[in-house]
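> For the sequence shown, full-length UniProt numbering gives the first residue as 1, with consecutive numbering after it.
Ideal placement from N, C-alpha and C gives every residue a C-beta, glycine not left out.
The structure displayed is predicted, hence computed values, not measured ones.
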Amino acid sequence: MKKTVEFKNVELLVPEAERPQSLKSLILNFRDVNRKKRKILSIPHFVANEGDKICVVGRNGNGKTTFLKVLSGIYPVSCGTVWTEKKPTVVLAAGIGLEEELSVAENINLSLIIKNVKKNDIPILAESILDFCELSDDRYKQYKHLSTGFKSRLAFAIAISEKPDILVLDEVLGGGDEFFMKKANAKLMDTINISSTAFIATHAPDQMLGVCNRLVMIDKGQVLFDGPFEEGVKFYRSCYE
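1. Look at the alpha carbon of T65 and the alpha carbon of L41, and state the distance between them as a whole number of angstroms.
2. Give the DSSP-derived three-state secondary structure of I160 in the structure shown.
3. Look at the Cβ atom of I192, then the Cβ atom of K53, and state whether they are nearer than 8 Å.
4. Write down the C-beta distance between S103 and Y140 rounded to the nearest angstrom, noting that I regard them as a contact closer than 8 Å.
5. Could you tell me if T89 is buried or exposed, where buried requires 16 or more neighbouring beta carbons within 10 angstroms of its beta carbon?
6. Taking the alpha carbon of L146 as the reference point, which residue from A105, Y236, P228 has its own alpha carbon closest?
7. Counting only the same chain and skipping the five closest in sequence on each side, list residues whose C-beta sits under 6 Å from that of L169.
8. Relative to the C-alpha of Q222, which candidate in E230, L112, G61 has its C-alpha closest?
9. Can you tell which of E16, K220, L71, A48 has the C-alpha that lies nearest to the C-alpha of R213?
10. Within this structure, are the beta carbons of A184 and F156 separated by less than 8 Å?
11. Rounded to the nearest angstrom, how far is the Cβ of V57 from that of P205, given a contact under 8 Å?
12. By a C-beta neighbour count over all protein chains shown, 10 Å radius and 16 as the cutoff for buried, is M189 buried or exposed?
13. Kindly give me the distance between the Cβ atoms of G227 and L209, rounded to whole angstroms, as I take these residues to be in contact under 8 Å.
14. Is S42 helix, strand or coil by DSSP?
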């Protein structure tokens, strides 16, 4: 099997906060040597291979999204290494990575440039993205003025506009009108199937039956389970019964 992702001795430490702070802020302050650190992620070894479609589960606050952000290179690790064969295509929450002050169209064009789409292909691809997420009439609206739902739509549409090698999704289709959800879920299944490796975080693993072959459960910043999907779902349910 061809390896596509590997963690080796990975740890993520953040300073103990005296007052509420974002995780990003805590990570940026990691080198504050005068503050006590706490470990929020510890993965001695983890490997994903070509063909793996991995359902990632875990209760809120236990490190599921942190795991995906470390995998994606959004959060730098405190020690250890994270290797990916190709740059992951990432869709996390409501459009993380898009620019608040830019328009919808500008965000699409910038994202496609970053993805190394050929210049001549950008106009057609941009129109297909606008059409898919139903923002053609709002192409000049500033991104910050979109609703949370439309921010998620836009990020999702950009991410799946081309075949991803390593796909990382974190609860990106939590709501929306029935017609769009049906269209988006069909596109999502197609994209997962054609990706080399996929990580899909969800609170409803039963919905991934027939899609994922493997389940990873993150609990208190550690991999509590990593194995066959159906066995993993049973284990996950048993932990909270």
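So, from the data block:
1. As a first step, residue 65 is located in the sequence shown; it is residue number 65 there, counting from the start. As a first step, residue 41 is located in the sequence shown; it is residue number 41 there, counting from the start. Roughly 11 Å separates the two Cα atoms.
2. Within the sequence shown, numbered from 1, the residue matching residue 160 stands at position 160. In this structure, I160 counts as coil in the three-state DSSP scheme.
3. Within the sequence shown, the letter at position 192 stands for residue 192. Within the sequence shown, the letter at position 53 stands for residue 53. Yes, Cβ-Cβ distance for I192 and K53 is below 8 Å.
4. Translated into positions along the sequence shown, residue 103 becomes position 103. Translated into positions along the sequence shown, residue 140 becomes position 140. About 5 Å separates the CB atoms of S103 and Y140; that is less than 8 Å, so the two are in contact.
5. Here residue 89 corresponds to residue number 89 of the sequence shown, with the count starting at 1. Per the 10 Å Cβ criterion, buried.
6. Here the question's residue 146 lines up with position 146 in the sequence shown. Of A105, Y236, P228, the residue nearest in Cα terms is A105.
7. In the sequence shown, the residue the question calls residue 169 occupies position 169. Within the same chain, L169 has close Cβ partners V91, I200.
8. Position 222 of the sequence shown, counted from the first residue, corresponds to residue 222. Selected option, being the one with the closest Cα: G61.
9. Mapped onto the sequence shown, residue 213 falls at position 213. According to the sequence as given, residue 213 is Asn; it is not Arg. With distances taken between CA atoms, N213 lies nearest to A48 out of E16, K220, L71, A48.
10. Residue 184 sits at position 184 when you count from the first residue of the sequence shown. Residue 156 sits at position 156 when you count from the first residue of the sequence shown. F156 is positioned such that its CB atom lies closer than 8 Å to that of A184.
11. Taking the first residue of the sequence shown as position 1, residue 57 is located at position 57. Taking the first residue of the sequence shown as position 1, residue 205 is located at position 205. A Cβ-Cβ separation of about 5 Å places V57 in contact with P205 under the 8 Å criterion.
12. Within the sequence shown, residue 189 is the residue found at index 189, counting from 1. Answer is exposed; the Cβ neighbour count stays below 16.
13. Reading the sequence shown from its first residue, position 227 is the one you call residue 227. Reading the sequence shown from its first residue, position 209 is the one you call residue 209. About 15 Å; that fails the 8 Å criterion.
14. By one-based count along the sequence shown, residue 42 stands at place 42. S42: strand per DSSP, three-state reduction.
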